[in-house]
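K.L.:
One structure, pasted below without further comment.
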Amino acid sequence: MGSPPNTFFPIDSFPGNTQHADNLAMRPCPLCAGEDHRQILELTDFQFFTDSAGIPKRATLRQVQCRHCLTLFLNPCYTLQGFAHLFAEAGKSYGSTALRPGEQRAWLAMRDLLAPGTVILDVGCYEGSFLASLPDNLLRQGVDIDSPAIARGRARHPDIELVHSAFDQFPLSRQPQLITLFHVLEHLPEPAAVLARLHAIAAPEARLVIEVPVLEHGDTNDINGFFSVQHITHFSRHTLSGLLGIAGWKIIEAEKIEGYNGYRVLAEKTDRQDPPHGNPADIARLQEILACWHKAHRSVEDKLARLSEALKIVIWGAGLHTEFLYQTSSLFYPSERRFLLVDSDPIKQGQSWRGIPIKAPDAMADIDWSEARLVISSYGGQPAMIKAAREAGIPDNVLIPLYNEIHVY
Ligand SMILES: [Zn+2]
Numbered sequence: 073m074g075s076p077p078n079t080f081f082p083i084d085s086f087p088g089n090t091q092h093a094d095n096l097a098m099r100p101c102p103l104c105a106g107e108d109h110r111q112i113l114e115l116t117d118f119q120f121f122t123d124s125a126g127i128p129k130r131a132t133l134r135q136v137q138c139r140h141c142l143t144l145f146l147n148p149c150y151t152l153q154g155f156a157h158l159f160a161e162a163g164k165s166y167g168s169t170a171l172r173p174g175e176q177r178a179w180l181a182m183r184d185l186l187a188p189g190t191v192i193l194d195v196g197c198y199e200g201s202f203l204a205s206l207p208d209n210l211l212r213q214g215v216d217i218d219s220p221a222i223a224r225g226r227a228r229h230p231d232i233e234l235v236h237s238a239f240d241q242f243p244l245s246r247q248p249q250l251i252t253l254f255h256v257l258e259h260l261p262e263p264a265a266v267l268a269r270l271h272a273i274a275a276p277e278a279r280l281v282i283e284v285p286v287l288e289h290g291d292t293n294d295i296n297g298f299f300s301v302q303h304i305t306h307f308s309r310h311t312l313s314g315l316l317g318i319a320g321w322k323i324i325e326a327e328k329i330e331g332y333n334g335y336r337v338l339a340e341k342t343d344r345q346d347p348p349h350g351n352p353a354d355i356a357r358l359q360e361i362l363a364c365w366h367k368a369h370r371s372v373e374d375k376l377a378r379l380s381e382a383l384k385i386v387i388w389g390a391g392l393h394t395e396f397l398y399q400t401s402s403l404f405y406p407s408e409r410r411f412l413l414v415d416s417d418p419i420k421q422g423q424s425w426r427g428i429p430i431k432a433p434d435a436m437a438d439i440d441w442s443e444a445r446l447v448i449s450s451y452g453g454q455p456a457m458i459k460a461a462r463e464a465g466i467p468d469n470v471l472i473p474l475y476n477e478i479h480v481y
């Protein structure tokens, strides 16, 4: 077995990859509407997934902090067009947080929120699988902006009312008594407007359940870090409480959900509050989060050092994780290095990323491992990739995983 000379490619600036001004737009602070903020970090010319001539797939991303209320947010933010273009290959309308319907159902039931006849609205319901996990003596409604997901959900769950709509203006047949938003709020450009709309349509005695990742629990050894590019507001306990307050909601119970970064609150209707001043503790916590992020990248450098002088590198994983390696790591130096990408997602196979072709993992059967190395470029997927690589007979000494341990978060 020898490598055909054209197997490995230099990283390149694919000429079709551009930025487009209409993909991003500046916005005021999502909590206090202030215009004064400072930059926390920037990812320059960040590429979203594969190369694509004609469709702008790059954007310079800036995370900022409001100088008044200390809310952390992406600014400029994705426009609707930008979201459609940049996340076209993301696979799901919102992130990839694994929901846990069983645990969520038990949590609601323990608080007597699932009495027969209760009208429940799940905002960001995707295909309606959480609603489908609830007792059918509830009146179940869901809304999502992902039209194909709603269509699939309707076919699968004809007894559930699923609406395709934006979240700040949707028609409902009944006034909800229980509203749930599990890992949705951090994805919304105008979260206050959505919460105010929910306040307007909810029954007077309604309960609101919200779960988001928060700064307080954002430490991770994943190089994607707390500032996920899929999240456009990064809440702390303080700023989440403040946002609910300006929309007329008061937190009556709050809990850290174990096993991943989920902070769940239960709220009831109250009078609208003024935006709060910032909590100085949020700045200390931000510095810890950034220190943790840099430490994760430093740790990856220790793994990449094993590449030593190797000039032929196979990267397994053509997703955003590899773009983060491009943004921050030494993987693409020296410039004489040549690369091949493999990914098990059929949608990515046959495409390229920054000029490097993406093939199915079975392309690795033709690689001469005496001179090539395999970098596993995924956080959550690392254990499965290592297993598959070993099963494919790839020797352990060429395998470069980037993490000592993986935490679900
Ligand atoms: Zn603010």
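Numbering-wise (our numbering), the sequence shown opens with residue 73 and increments by one. Glycine included, each C-beta is placed from N, C-alpha and C at the ideal position. These numbers come from a predicted model, not from an experiment.
(1) Taking 7 Å as the cut-off, does the CB of Thr305 come closer than this to any heavy atom belonging to ligand 1?
(2) Where does His349 land, buried or exposed, given buried means 16+ other C-beta within 10 angstroms?
(3) Roughly how many angstroms separate the alpha carbons of Ile439 and Pro148, rounded to a whole number?
(4) Please go through the same chain and pick out, in chain order, the residues whose beta-carbon is closer than 8 Å to the beta-carbon of Pro261, but skip the five residues on each side of it.
(5) Quick check: does the Cβ of Cys138 come within less than 7 Å of any heavy atom belonging to ligand 1?
(6) Heavy atom of ligand 1 less than 7 Å from the Cβ of Gly106, yes or no?
(7) Would Gln213 be called buried (16 or more neighbouring beta carbons within 10 Å of its own) or exposed?
(8) DSSP state of Arg224, grouped into three classes?
(9) What number of angstroms, rounded off, separates the C-alpha of Val281 from the C-alpha of Ile478?
(10) Taking the CB atoms as reference points, tell me whether Leu21 and Glu408 lie closer together than 8 Å.
(11) Tell me which same chain residues have a C-beta within less than 7 Å of the C-beta of Met73, skipping the five on either side of it?
(12) Report yes if the CB atom of Pro473 is closer than 8 Å to the CB atom of Lys341, and no otherwise.
(13) Using 8 Å as the threshold, is the C-beta distance between Cys104 and His157 below it?
(14) For the region 233-243 and the region 317-331, state whether three or more C-beta atom pairs, one from each stretch, are separated by less than 8 Å.
(15) Give me the Cα-Cα distance between Ser165 and Phe202, rounded to the nearest whole angstrom.
(16) Hey, is Cys149 close to ligand 1, as in C-beta under 7 Å from one of its heavy atoms?
(17) What number of angstroms, rounded off, separates the C-alpha of Ile466 from the C-alpha of Ser416?
(18) Indicate the three-state DSSP secondary structure (helix, strand or coil) for Leu445 in the structure shown.
(19) What residue from Ala461, Asp468, Gly452 and Glu463 has the CA that sits closest to Tyr475's CA?
(20) Out of curiosity, what's the CA-to-CA distance linking Ser168 and Phe254?
(21) Helix, strand or coil, according to DSSP, for Thr90 in the structure here?
(22) Does the Cβ of Ser124 have 16 or more other Cβ atoms within 10 Å, making it buried, or fewer, making it exposed?
(23) Just to confirm, are Thr143 and Thr311 a CB contact at a threshold of 8 Å?
(24) Excluding five sequence neighbours on each side, which residues of the same chain lie with their C-beta closer than 8 Å to the C-beta of Pro276?
(25) Quick check: is any heavy atom of ligand 1 less than 7 Å from the C-beta of Cys364?
(26) For Leu193 and Thr252, what's the separation of their Cα atoms in angstroms?
(27) Measuring straight from C-alpha to C-alpha, what distance separates Asp117 and Phe81?
(28) Tell me whether Ser371 sits in a helix, a strand or coil according to DSSP, three-state version.
(29) Check each candidate in Glu288, Leu362 and Val191 and name the one with the smallest Cα separation from Asn351.
(30) Is the separation between the beta-carbon of Leu338 and that of Arg177 shorter than 8 Å?
(31) Taking 7 Å as the line, does the beta carbon of Leu267 fall inside it for any heavy atom of ligand 1?
(32) Based on the DSSP secondary-structure assignment, which residues constitute the bridge partners of Thr122?
(33) Using a Cβ-Cβ cutoff of less than 6 Å, which residues in the same chain neighbour Leu96 once the five nearest sequence positions on both sides are dropped?
(34) Relative to the C-alpha of Gln345, which residue among Arg370, Asp354, Ile361 and Leu316 is closest?
(35) What's the C-alpha gap between Arg246 and Ile448?
(36) For Asn333 versus Pro263, is the C-beta distance shorter than 8 Å?
P.N.:
Walking through what the data contain:
(1) Because no heavy atom of ligand 1 lies under 7 Å away, the Cβ of Thr305 does not count as near it: no.
(2) exposed
(3) 43 Å
(4) Excluding residues within five positions, the ones whose Cβ falls inside 8 Å are Arg99, Pro102, Cys149, Tyr150 and Ile304.
(5) yes
(6) yes
(7) With 16 or more Cβ atoms within 10 Å of its Cβ, Gln213 is classed as buried.
(8) helix
(9) If you take the alpha carbons of Val281 and Ile478, they lie about 28 Å apart.
(10) Since the first and last residues shown for the chain are 73 and 481, residue 21 lies out of range.
(11) Below a pLDDT of 50, predicted positions are generally treated as unreliable, and Met73, at 42, falls in that range; the measurement from the model is reported next regardless. Closer than 7 Å at Cβ, skipping near neighbours: Asp438 and Asp440.
(12) no
(13) no
(14) no
(15) Bear in mind that the predicted position of Ser165 carries a pLDDT of just 45, short of 50, making it unreliable; the figure below should be weighed with that in mind. The alpha-carbon atoms of Ser165 and Phe202 are separated by roughly 15 Å.
(16) no
(17) 16 Å
(18) The question names Leu, but residue 445 is Arg in the sequence shown. Reduced to three states, the DSSP call for Arg445 is strand.
(19) Considering only alpha carbons, the answer is Gly452.
(20) Reliability of the predicted coordinates at Ser168 is poor, the pLDDT of 40 falling under 50, and the value obtained from them is presented with this limitation in mind. Roughly 12 Å separates the two Cα atoms.
(21) coil
(22) buried
(23) yes
(24) Lys341
(25) The answer is no for Cys364.
(26) 6 Å
(27) 21 Å
(28) Helix, per DSSP.
(29) Glu288
(30) no
(31) no
(32) Beta-bridge pairing links Thr122 to no other residue.
(33) Excluding residues within five positions, the ones whose Cβ falls inside 6 Å are Ala131, Pro148 and Gly154.
(34) Leu316
(35) 49 Å
(36) No, the Cβ-Cβ distance between Asn333 and Pro263 is not below 8 Å.
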